[in-house]
DNA sequence: TGAGCGTTCCAAAGCGCTTTGGCTGACTTG
DNA sequence: CAAGTCAGCCAAAGCGCTTTGGAACGCTCA
């Protein structure tokens, strides 16, 4: 069933039928009712390819996925996707993943914009002065950044959590508990979120005249193994930290293992706080010692990004609105006063 | 730059230019060279929307993503995606994720097929007599199943690993080590992979006249917490198993925690084998006691599925070829002879 | 009463590609 | 040498929608 057939059986022109269905004003209410009714009865669905060719709109949102033999997709991605998908579903939006050579995403962004394959895109894991962001901004396609960049002379729409505030809180808690030697096991510090976390932590320490020593900051991709290695290195130092803040639950698994291997205990010898993006399959309360966390559901963020993307596509949202979500500090058994 | 302009500047018809670029025979080699050359020089890229309208082909592969507030996307998905994306990238294939209401994927499959939004789809986590599979088969869109179903009177193309063989091997190893009371902590047994694993395990035991008791099989979604709970229940039983096979590394984390909480040791009190899909962020050799695993890279599977999908789209692959990959059994420190 | 106006509809021209059905001219073939 | 063949090209008809630029009609109002 296409427009032609439908309009023919209604003895109307394609124009009128099209307008009736798309809510244009120049069609009488009665006619509109007839048309809408017939369309529903015959299960008419406009062909998206044709509509796309005519309008240039695709009804899809895009994401450029960096790939490569040695490139790992962040496991957080799947949770973000859950939220995004959940919203997108209710609006019949599809998501297009365009794989790109990690390191040369530019070509792919240009392609999907030039081809008008998607109506909007989102970026994630931005870095300071992220080239992708500058590009997408220049290309003029609606977009939202999940996270933030830094060092641009233009504003842009984003959704981020208060990473600095979160780790400031975590740091403050640990300091208040009397810890003097703190360490941070961070994610890749070329990404802004990691920079913000470190900044928050430093700020918390500075308030009490403390410093985060050079050797007490690790920046690594967030795997269990890296968490383990970092913790070993820190704890076997001559002046080991008595408290660690950790950027992910997965790394925290490694930290816990290292602590055990060294015959130490949490929170007796080491207080531990980690950031929790809220995975359904790994929960901080189920750690051997329930883990204190800075918590923010990445899934909700996914849903919100989808919502704002949809709003931008339909023109309801404009401008460079930034949105920063507060982060909960959830205190559990893994933190205690500094050892004497 | 569109076809019209390009053909005009070459003083050729659109027909000829189109044919030259698409490799049709009825154009002289010299003309073809001229055309291809000019196209490249002017960066001409055919508009995919137009091409799609004309041909009905989209150059994308689809996946229907079950979503919902209480639906969690499997973390394996992201690894599969890495492989898929890696292959897709090299062939300029995009992936369309169409979110669907979990439980009613049918509507979405019908929509994407009717709209010709994608040239092929893949299904994952199939169940016996999976309705999606029957549907997609009926709708006539090229597809591949990642995993297998059972109980259909038709064949279909799939890629699966030898789950039964893997757990048969694992079971056999444990039996050979003298274990008599074995248990299986499995994934959701409405999915075929779990059924196959259980079958393999039972077969291994049967060979030695052993049985897998009703109470010794758990079927749960694969979270750390469920692994913990299942292990507690098993180990606190009056006749606890001396060996456990576990369907995922994530659950194995929970098993290890339970063992510790109960003051037991691996492999002294309990031998443990788990299936490893090969995550970059959690490796079996880094478990407190290095974990024996049945191993198969889900990432490679993703790449292979993409490859076969591409082959089916271009007509290079046909028919209902099933492909079953063997699984490695990797023995590490977590297994030992049965306690006396 | 006839100019002016708003409402409601329509025919037709795109959107940019592929593909069908020729047409032309050079080249074989009997 | 006429008929047949074939390579190489083209015009035009789609694909199914949106949108432009009217046209027809019934009203109002001077």
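Protein chains in written order, with the numbering used here: chain A, 56 to 395; chain B, 56 to 395.
Ideal Cβ positions, reconstructed from N, Cα and C, are used throughout, including at glycine.
Counting only the same chain and skipping the five closest in sequence on each side, list residues whose C-beta sits under 6 angstroms from that of residue i.
i             : result
residue 146/A : 365
residue 137/B : 354
residue 242/B : 249, 277, 302
residue 272/B : 239
residue 216/A : 351, 380, 382
Please compile the residues from chain B whose C-beta is within a distance smaller than 7 angstroms of the C-beta of residue i.
i             : result
residue 143/A : 154
residue 280/A : 338, 341
residue 133/A : 128, 130, 132, 133
Please confirm if residue i has its CB atom under 8 angstroms from at least one CB of chain B.
i             : result
residue 64/A  : no
residue 335/A : yes
Can you tell me which of the three DSSP states residue i falls into?
i             : result
residue 129/A : coil
residue 271/A : helix
residue 279/B : helix
residue 350/A : strand
residue 399/A : Any property of residue 399/A remains undetermined from this structure, which presents chain A solely from 56 to 395.
residue 377/B : strand
residue 239/B : strand
residue 117/B : strand
residue 66/A  : coil
residue 265/B : coil
residue 207/B : coil
residue 159/A : strand
residue 369/A : coil
residue 342/A : coil
residue 137/A : helix
residue 150/B : strand
residue 328/B : strand
residue 223/A : helix
residue 230/A : helix
residue 305/B : helix
Give the interface partners of residue i over in chain A, defined as CB-CB distance under 7 angstroms, in chain order.
i             : result
residue 122/B : 137, 140, 141, 144
residue 104/B : 104, 107, 108, 171
residue 283/B : 341
So which residues on chain B does residue i lean against when the C-beta distance must stay under 9 angstroms?
i             : result
residue 151/A : 115, 149, 150, 151, 152
residue 277/A : 336
residue 100/A : 166, 169, 170
So, at 8 angstroms on beta carbons, what are the nonlocal neighbours of residue i in its own chain, with the 5 sequence-adjacent residues on each side left out?
i             : result
residue 280/B : 309
residue 294/A : 236
residue 103/A : 113, 114
At the 8 angstroms Cβ level, is residue i part of the contact set with chain A, yes or no?
i             : result
residue 196/B : no
residue 312/B : yes
residue 350/B : no
Give the interface partners of residue i over in chain A, defined as CB-CB distance under 9 angstroms, in chain order.
i             : result
residue 305/B : 336, 337
Note down, in chain order, every chain B residue with its Cβ under 8 angstroms from the Cβ of residue i.
i             : result
residue 315/A : 343
In chain order, what residues of the same chain lie with their CB nearer than 7 angstroms to the CB of residue i, ignoring the 5 residues before and after it?
i             : result
residue 75/A  : 82, 86, 87, 90, 91
residue 255/A : 218, 219, 220, 221, 222, 223, 226
residue 56/B  : 97, 98, 99
residue 376/A : 212
residue 73/B  : 58
residue 259/B : 223, 226, 227, 230
residue 358/A : 138, 139, 141, 142
residue 111/A : 171
Is the number of C-beta pairs between the stretch 120 to 134 of chain A and the stretch 331 to 344 of chain A that are closer than 8 angstroms three or more?
yes
I'd like to know if the stretch 181 to 197 of chain B and the stretch 227 to 234 of chain B are in contact, where contact means that at least 3 CB-CB pairs between them fall below 8 angstroms.
no
contact_flag[the stretch 336 to 351 of chain B, the stretch 284 to 294 of chain A] where n(CB pairs < 8 angstroms) is 3 or more:
no
Taking three-plus beta-carbon pairs below 8 angstroms as touching, is the stretch 143 to 161 of chain A in contact with the stretch 146 to 164 of chain B?
yes
Flag this pair as touching only if the stretch 291 to 306 of chain B and the stretch 193 to 201 of chain B have three or more C-beta atom pairs under 8 angstroms; answer yes or no.
The stretch 291 to 306 of chain B is not in contact with the stretch 193 to 201 of chain B.
Three or more C-beta pairs under 8 angstroms: does that hold for the stretch 168 to 187 of chain A against the stretch 236 to 253 of chain A?
yes
Quick test of the definition: if touching needs 3 or more C-beta pairs under 8 angstroms, does the stretch 162 to 182 of chain B touch the stretch 105 to 120 of chain B?
Contact between the stretch 162 to 182 of chain B and the stretch 105 to 120 of chain B is present, because at least three Cβ pairs lie under 8 angstroms.
Do the stretch 317 to 324 of chain A and the stretch 380 to 392 of chain A touch if we need at least three Cβ pairs shorter than 8 angstroms?
Enough Cβ pairs lie closer than 8 angstroms, so yes.
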